[in-house]
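In UniProt numbering, the protein residues as written are 1 to 751.
The structure is reproduced here in structure tokens:
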């Protein structure tokens, strides 16, 4: 086959999970997959009865008290999403979990979870059956009556799963709920991919959630049925007798590969192609698997991807561990792969359900995320519980192997590729072809101080987020700190409780602050003293492109002139003040007024548009009338003199630098001392904030950001930056739950 078409490639740039045993932790989930750790929980009869499971069911022969469950599925961060406690309690927990996963996935991708207007971010998600509505909400007559019928429907109906996310996160691309039973989330991935390739969206979220209340913890085993007799899913094993239901959710963030590489995203893996079909009537029954449809969808996905099956090293199967389903799935795979060349490497099969159970609508996306992690770690993980292969599965003469331990994943023809399958009851099949991320060229990295920003909805969450980020920064390579700072500044929501961390300096962590509405109303003013402006300006020149551009412009204007030392020193101070001020303004600092003394006053005139930089430099080197062109000030100038008199400016240019305090200004503005040599503190309670050396300027910007006095930054500071998978929001979830009639709520809290 020819080389794959790069224009049809889609990047996985972000992921978020809620899975049994690992909850939101991708690293822990991978460790469980790698080690074959089973996340299924077996419950006591007392627990089940306490949750409201009928005692006669618990005691019935064949009842299996097991399920792979999520911790804290009854909890939700209602404050972050601006829901009332009562509305939160009515809402389907599956949709609440999806909302949090969507937020976390966008943050993991380094994209702001609340998008700006005009974005084209699509949402493709689904949920399982809302058992919470049946078991917990409808029987609670008082809550239903208070909410009204429409309120219950809005919080419960599957139709609103995608549009709720779009509304709360301001995502303005297509928002579609997808429902195809067990294949829902992988079909959602396919739909999201198609939306990207047809330019209906530029970014897309895809995934699903399935969560049942505690009243459904356990199942009845029937010989030959789909549920396990002992609460273990033994995919492809001789002892396989069914799957185990589980709770979980997953969301991935997708972008066109070309866009992801252009935008500096972390590409975790590449989707080369995908396909969806239906078995139709070509199977024994509505719930039965169909080998013809399965083989067809796998072949179609490989064809769309333009990928040779011989280069696929891993197939993450549907892998339910049923006596009927597993042999049929392998037979379908053999129809596609058995024409392999004789020297091809073995292709491993995978089955994440043996670790986390069958997560129903979320099963496909969790299999996808597991496979992305396998590609990232270049490791073939084992199938948990696999001891003796099922004799009904014919592997002799095939390319497939059933791994029982983790092993390194060797590339085939220089690349690692994988497939992911999901097959839904009712016959809708999906298959996705994945490839490892392309290599990223190394870049030169400067070790300079970086301003890392953290914000949250509450003080407690802000402190936890600050702790996580500082710990993460401590383990981040110095050359990557600029990427971390960029990611946290551009890829997070700006929330009211804020902290700024200045890396690379001592005592660089600010105390938490809430955005100060009074300070925001007052605004800031800049006092350009010129005193100390030259000291240590080399770090500014090296690290700050706005400052560097100003200095280069001034040097070019002075080139060819015979300057004495005093003129040269004043010129340096002028350029430093103008460069520092321009740098502050490029970081969103919009002054309400400017003041200055000596050469700092001339610099203020340049910033205010009273004169050009060229004319200001001419004043320094020529005490005679130099033909300075003066203009009305675009910003208020608090200057003791006549700004429309060129003689005043010539005299100001000759005055030595001073450290006089700033003049009085209306509305008690917060002063920034541009050019001061005062030691900086990330604390805006001091009378004035310093802006001189690069670290001091950043510290001041951080303090202003904490007060809400600066938000938008000029992207010139972020040239060549990359988005890193940094710590995501630590949701402050509290219990919002209507307990089933007769249930003891303390039972759930104790679990």
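Note that the Cβ used here is the ideal one computed from N, Cα and C, for glycine as well.
Just so you know, these numbers come straight off a predicted model, no measurement behind them.
query	result
Residue from 565, 232, 480 and 528 with nearest C-alpha to residue 577	528
Per-residue burial, residue 657 [other beta carbons within 10 Å of its own, 16 or more giving buried]	buried
Contact check, residue 789 vs residue 367, beta carbons under 8 Å	Outside the displayed span of the chain (1 to 751) sits residue 789, for which this structure offers no information.
Neighbourhood of residue 184 by C-beta, 6 Å cutoff - its chain only, sequence neighbours within 5 removed	126, 178, 208 and 361
Contact under 8 Å by Cβ, residue 571 with residue 620	yes
Exposure of residue 517, with buried meaning 16 or more beta-carbon neighbours within 10 Å	exposed
Bridge partner(s) assigned by DSSP for residue 347	400
Identity of the residues DSSP links to residue 18 by a beta bridge	249
Under the three-state DSSP convention, the category residue 415 falls into	strand
Per-residue burial, residue 160 [other beta carbons within 10 Å of its own, 16 or more giving buried]	buried
Contact under 8 Å by Cβ, residue 446 with residue 332	no
Environment of residue 512 [buried if 16+ CB atoms lie within 10 Å]	buried
Beta-carbon proximity list for residue 105, same chain, < 8 Å, skipping 5 on both sides	14, 15, 16, 205, 207, 251, 252 and 253
Where residue 106 sits in the DSSP three-state scheme	helix
Closest residue to residue 753 among 633, 653, 241 and 603 (Cα-Cα distance)	For the chain, the structure presents residues 1 to 751; residue 753 sits outside this window and is missing.
Backbone CA spacing between residue 709 and residue 663 [nearest angstrom]	21 Å
Cutoff 7 Å; reference residue 757; Cβ partners in own chain excluding five residues on either side	Given that the chain is displayed from residue 1 to residue 751, the structure contains no residue 757 and the question cannot be resolved.
Three-pair Cβ contact test at 8 Å for the segment 714 to 733 versus the segment 542 to 559	yes
Three-way DSSP call (helix, strand, coil) for residue 486 in this model	helix
Buried/exposed call for residue 150, threshold 16 Cβ in 10 Å	exposed
Own chain, CB closer than 6 Å to residue 403, minus 5 neighbours either side, in chain order	348, 380 and 382
Simplified DSSP assignment, three categories, for residue 744	coil
Distance, residue 450 Cα to residue 699 Cα	9 Å
Length at least 3, wholly inside the segment 188 to 219: the beta strand (DSSP E) runs in chain order	203 to 210
Given residue 228 as reference, the closest of 169, 744, 323 and 400 once Cα atoms are compared	323
Close Cβ partners of residue 352 (< 7 Å) along its chain, the five nearest in sequence each way excluded	33, 316, 366, 367 and 370
Buried versus exposed call for residue 41 [16 or more other C-beta atoms within 10 Å across all chains shown]	buried
Spatial distance of residue 319 from residue 176 (CA atoms)	27 Å
Cβ-based neighbour list, residue 120, same chain, cut-off 6 Å, excluding 5 preceding and 5 following	173, 201 and 202
Buried/exposed call for residue 327, threshold 16 Cβ in 10 Å	buried
Residues bridged to residue 450 [DSSP beta-bridge criterion]	503
Where residue 432 sits in the DSSP three-state scheme	strand
Where residue 518 falls: helix, strand or coil (DSSP)	helix
Check whether residue 211 and residue 68 have beta carbons under 8 Å apart	no
Residue 240 versus residue 393: straight-line alpha-carbon distance, rounded	12 Å
Pair within 8 Å by beta-carbon distance, residue 417 and residue 401	no
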